Amino acid sequence: MDRFLNRLRQPNPGDDGALAVTLQGESLMLLPERAVFWPSQSALLVADLHWGKDEAFRRQGSPVPPGVLTADLKRLKHCIDRWPVERVYILGDLIHNREGMSEDVVHEIVAWRETVPVEMILIPGNHDRHLAQLPLSFIIQVMPYALTVAGFEMTHDPTSRSPSSDDYMIGGHVHPLFRIRSSNDLIMLPCFYFGPDYALLPAFSEFTGGFVVNAERDADVYLTDGRVVLPAPRRGFGRE
Amino acid sequence: MIEHWFEAQGWEPHSFQTDCWAAQRAGCSGLVQVPTGSGKTYAAYGGCLDLLKLPEPPGLRILYITPLRAMTRDLELALRKPVEALSLPAAVESRTGDTSSTVRTRQRRRLPEVLLTTPESLTLLLTYAEAPRLFARLDTVIVDEWHELLASKRGTQVELALARLRQWHPQLKTWGLSATLANPQQALTHLAPHDAEAVHITARINRPIEIESIIPVDIRSVPWAGNMGLRIADALIERLDPAVPTLVFTNTRNQAEMWHDALLQAKPEWSSLIGLHHGSLDREGREVLERAIKDGSIRIVIATSSLDLGVDFSPIEQVVQIGSPKGIARLMQRAGRSNHRLGETSRLICMPASALHLLEFAAAREAVARGEIEAILPPQEPLDVLCQHLITRSLAEGFDEDGLLAEIRSTAAYADLSHARFDWALQLVAYGGKTLRSYPDYQKLAKQEDGHWQIRENKMARRHRMMIGTITSETSVQVRFVNGARIGHVEESFAGRLRPGQKILFAGRTLQVHRFRDMTLFVRSAKGKRAEVPRWMGGKMPFSNQLAQALRRSFQEIAEGEGGSSPEVEALQPLFATQQELSTIPKAGEVLVELCQTREGFHGFCFTFEGRVVNDGLAALLAYRMGQVRPATFTIAASDYGIEWLCPERYPFKEMFRERESLFSEEHLLRDTLESINVGELAKRQFRGIARIAGLTFDGYPGSRKSGKQLQISSGLIYDVFSRYDPDNLLLQQAQQEVLETQFEETRLRETLRRLRESTFVLRDTPRPTPLSLPLIADRLTSMLSTEALEKRLARIQQQWTDS
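Residue numbers (our numbering), protein chains in the order written: chain A, 1 to 240; chain S, 1001 to 1804.
Okay, structure coming up:
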């Protein structure tokens, strides 16, 4: 267990921390930035960005210091620049709520958007309903609730629906976390979850909580501390 | 006045009561410190009854503060009795979270002459514009269970409310009622800092406490480790009889559920006479049970600390403690729950959950006899409470900075509050601190032209009124039947692990999980066994300093062959013989270190008898320091008795313990502690309460289910964001300081290190774990294995001992 934690704490220098997995014959790169790069489609998959969440909290009286949105946008741009990305699929909850979409926030996003010349496609989530329409200046194409590409059905919350076909679903919504307990330590890390019927992406925003998932026998879980992606330790290993 | 009433009742006032009445009539403040159930209430109340005579105009004269909402009903009756008997023209009423809105509205026009309330309701009342008028004729404040409040931030909140009242009544008579505590002077200073002449009244009555342990005939049947004690449940059950109303105290909610179940299994014919009471059960259900105890229809109650305080259960004749007593004052408090009457003997039956508890009972009895009880240390200058208070004071007419600082400094908790810290807190609540200074949308408070600070929006004011208070609880999940009936609550982490169909034991029944949704766990009634029992965090209470000392003394007496006097020590002889044979029993000035190899690896044990809090910190600290000299991977465990380091490879513990001066050095203590433990993670957990109290997080409006869940925020996230974007935030430092002080008791850790440096170390290689080290191994395993498997494993190890 401690050896596992050490691996998390000391990633190989020079490594970008990504981990390649094969899913339904497709090769996917799991990125420590909490995103997935899909080489055959030149696509980046992200879920639960919750833009403007910190702003929403300030507006209702929690003194959250500014900086979250800027850091999140920077990280997203880093992924887009680092990998040969042509389009970004956003698997729902792009924005947090209406209050969070203040003038300043919209301004910052529009300015950022000009620096990322890629196609952006949103499959809306429950939070996106708070806003009747995204600002046009975001230049984000909005899809219906699901979109199938190369045998993967992308949708915000795959846990609550059955697939429209036999397609494997990919989504977010849950903000999956994995809990690791060692002799004197307890950590919770965002994780990628690959179950029998669907995959769940970690929430992209750093300003999100989450829900602890278990590594069932028929599921693969990969976790990340922001620098490296690793397979989750198996049962009998620091589990409660 | 009160004398007439006492006479009419045929009561003889005790001298501490007449002392108290005299002091009150002389206009003094004071602290009444007598054992539970000795008649404190009338001591403090009697002297002010004179205030209720005509021709004084009506309005609030006496304010009575109690920490427990559940207690107000009984207290109200007790306070009303003499008023009615003497036909005084006064109303006696309560005001708590349960008071109906009609009554509350009426009370906001005019308060009764005697008002009974909780700290939270008082603070709330003080935020209304009409407060100065309502409190204009207040004469005396009585604070009940002051020892209980003093230990927590609720006490700080009371101090601040009293400071506010003193703005209108500089000579406000303030009386505290307290159980016996070791530092009455400090308790008095925090209660009545304005009155240098305040008196401290103690009763010279001894309320005898008789402590008897249950000693099973076959001592070998008592497990040497574990905290549940169910294996020897029969030894207790045969002592129970519905004819003798009994209160059975356990140490955790988990243990209460299991014992309740065991009792039902053993005596199904008693099922209508047995009750279960703990803090996670629905409040209404608990109140029904409390009434049933009082009217005698429920005869045996399994309870946790939820019944430590409060309601007078006159029918209760016998009190049982299962497992470690944990503290002297706590044990005395529990014993006092039987025969809640002056001068009568309190009887307490102690039931060991594992063998060494017997020694703890004997040690506790000794400490009770010597009057060695714990000191209660009030929180010093908590910034979160200050932040909340600043918003509280910005409601109604608002405040001016200098005046408010002076008012706050008039309390003992904030006597040394610096201008800089006050300013920092004001900036945080007003503008969101320096990071949001240039952010006009945030502003909560506004400075008026006359220099007064006031809250900016009514919406904020409403929200704050709902958030007043310093009681914070774990994120809990409601447990409901599928039809919606409430049963209670469990921790989110427990609910999250359950799967539909799984059975749990909760509220004394077997329930089947239906689904977990929207922070509610829906269940159905079920039959059958194999049920999971919820575990609640924070259930493990550490030893108090006093009990630790008493226990060390007991061990020394045994080692020196003087300890045979008590029946417990007598009964434990076989265990001590095994300990002596495998290792040794440490004498005065000695510290025992045992080394042992098992299939698990190489164990080092150090028995400090310092209580789990200190041992936890010490274990990590020493592991870190040993690792600096010779690196290794340790698995660490700590209990009230000692520390275990487990190492997969052979480790030179002996060499390490030879370097006592450096190993137990106080130099770089803070640095090494911060290095050795994950303070960040612990501080993050501690920050939960702080963020809630300081108003950084908002629990949502009660009752409205879809209270905008997207507006709830976890304190862990705020902690992360602060650490990253505002690392100088003083609330972060407070969290770290609270971790070091409350989780690691730095002061006690230093004393321990000093004691260890001056001790002689006795190092022993043992062929297998000893009676002292087995509980440590067991505690460590509990967190890794299911209870059932663990019990089997332990039984097997113990079997090996008995065989050899």
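All C-beta atoms, glycine included, are put in the ideal place defined by N, C-alpha and C.
All values derive from a computational prediction rather than experimental measurement.
Which residues in chain S have a C-beta closer than 8 Å to the C-beta of residue i? List them in chain order.
{"i": "R106 (chain A)", "result": "This sequence places Val at residue 106 (chain A); Arg is not what is there. Here the premise fails: no neighbours, minimum Cβ distance about 14 Å."}
{"i": "R58 (chain A)", "result": "G1432, L1436, Y1439, D1441, Y1442"}
Can you list the residues of chain S that residue i reaches, using a CB-CB cut of under 7 Å?
{"i": "V64 (chain A)", "result": "I1718, V1721"}
{"i": "G226 (chain A)", "result": "Result: empty, since nearest Cβ-Cβ is about 12 Å, beyond 7 Å."}
For residue i, return the contacting residues in chain A, with the cut-off set at a CB-CB distance below 8 Å.
{"i": "L1696 (chain S)", "result": "S62, P63"}
{"i": "L1428 (chain S)", "result": "P63"}
{"i": "S1714 (chain S)", "result": "G209"}
{"i": "D1726 (chain S)", "result": "P65"}
Determine the contact status of residue i and residue j, defining contact as a CB-CB distance below 8 Å.
{"i": "E1594 (chain S)", "j": "T1760 (chain S)", "result": "no"}
{"i": "P1422 (chain S)", "j": "L1445 (chain S)", "result": "Note that residue 1422 (chain S) corresponds to Phe in the displayed sequence, not to Pro. Their beta carbons are not under 8 Å apart, which means F1422 (chain S) does not touch L1445 (chain S) by this criterion."}
{"i": "A1623 (chain S)", "j": "F1609 (chain S)", "result": "no"}
{"i": "Q1321 (chain S)", "j": "S1338 (chain S)", "result": "no"}
{"i": "R1133 (chain S)", "j": "E1407 (chain S)", "result": "no"}
{"i": "L1730 (chain S)", "j": "S1676 (chain S)", "result": "no"}
{"i": "R1166 (chain S)", "j": "G1059 (chain S)", "result": "no"}
{"i": "E1287 (chain S)", "j": "A1023 (chain S)", "result": "no"}
{"i": "A1364 (chain S)", "j": "I1211 (chain S)", "result": "yes"}
{"i": "T1697 (chain S)", "j": "S205 (chain A)", "result": "no"}
{"i": "I1643 (chain S)", "j": "F1605 (chain S)", "result": "yes"}
{"i": "P1191 (chain S)", "j": "L1031 (chain S)", "result": "The residue you asked about is not Pro; residue 1191 (chain S) is Leu in the sequence shown. Taking 8 Å as the Cβ cut-off, L1191 (chain S) and L1031 (chain S) qualify as a contacting pair."}
{"i": "L1358 (chain S)", "j": "A1571 (chain S)", "result": "yes"}
{"i": "R1750 (chain S)", "j": "L1669 (chain S)", "result": "yes"}
{"i": "Y198 (chain A)", "j": "P144 (chain A)", "result": "no"}
{"i": "R1486 (chain S)", "j": "F1522 (chain S)", "result": "no"}
{"i": "R1066 (chain S)", "j": "L1116 (chain S)", "result": "Note on identity: in this sequence residue 1066 (chain S) is Thr, with Arg being the wrong assignment. Closer than 8 Å, so yes."}
{"i": "A1182 (chain S)", "j": "E1491 (chain S)", "result": "no"}
{"i": "L1177 (chain S)", "j": "W1146 (chain S)", "result": "yes"}
{"i": "V1513 (chain S)", "j": "P1534 (chain S)", "result": "no"}
{"i": "F207 (chain A)", "j": "D54 (chain A)", "result": "yes"}
{"i": "G1046 (chain S)", "j": "W1021 (chain S)", "result": "yes"}
{"i": "E1120 (chain S)", "j": "G1398 (chain S)", "result": "no"}
With a cut-off of 8 Å on the beta carbons, I'd call residue i and residue j a contact; round off their distance for me.
{"i": "L1263 (chain S)", "j": "I1201 (chain S)", "result": "Going by Cβ atoms, the distance from L1263 (chain S) to I1201 (chain S) rounds to 42 Å, so no, they are not a contact pair."}
{"i": "R1104 (chain S)", "j": "R1095 (chain S)", "result": "7 Å"}
{"i": "S1346 (chain S)", "j": "I1214 (chain S)", "result": "With a Cβ gap of about 17 Å, S1346 (chain S) and I1214 (chain S) do not count as contacting."}
{"i": "P1315 (chain S)", "j": "P1245 (chain S)", "result": "4 Å"}
{"i": "Q1427 (chain S)", "j": "K1434 (chain S)", "result": "7 Å"}
{"i": "G1226 (chain S)", "j": "A1778 (chain S)", "result": "6 Å"}
{"i": "V106 (chain A)", "j": "P135 (chain A)", "result": "6 Å"}
{"i": "A1638 (chain S)", "j": "R1612 (chain S)", "result": "6 Å"}
{"i": "H1464 (chain S)", "j": "G1695 (chain S)", "result": "7 Å"}
{"i": "Y168 (chain A)", "j": "L30 (chain A)", "result": "No, Y168 (chain A) and L30 (chain A) are not in contact; Cβ-Cβ is about 16 Å, not under 8 Å."}
Check the Cβ-Cβ distances between residue i and every residue of chain B, and say whether any is below 8 Å.
{"i": "G1469 (chain S)", "result": "Judged by its chain identifiers, the structure shown contains no chain B, and its protein chains are A and S."}
**OP:** Quick one: which residues of the segment 67-80 of chain A get their C-beta closer than 7 Å to a C-beta of chain S? List them in chain order.
**Re:** G67, V68
Original post:
What are the residues of the segment 193-218 of chain A that lie near chain S, defined by any Cβ-Cβ distance shorter than 7 Å?
Top reply: F207, G209, V212
Subject >> Sufficient close CB pairs (3 or more, under 8 Å) joining the segment 89-100 of chain A to the segment 115-131 of chain A >> reply: yes
Subject >> Residues from the segment 1443-1467 of chain S in contact with chain A, defined by Cβ distance under 8 Å >> reply: Residues passing the 8 Å Cβ filter: K1444, M1460, R1463.
Subject >> Three or more C-beta pairs below 8 Å linking the segment 35-45 of chain A and the segment 69-87 of chain A >> reply: yes
Original post:
Does the segment 1014-1031 of chain S come close enough to the segment 1075-1095 of chain S that 3 or more CB-CB pairs lie under 8 Å?
Top reply: no
**OP:** Would you be able to state if there are at least three C-beta pairs under 8 Å between the segment 1377-1384 of chain S and the segment 1139-1153 of chain S?
**Re:** yes
**OP:** Report yes or no: do the segment 1385-1392 of chain S and the segment 1246-1254 of chain S share at least 3 C-beta pairs separated by less than 8 Å?
**Re:** no
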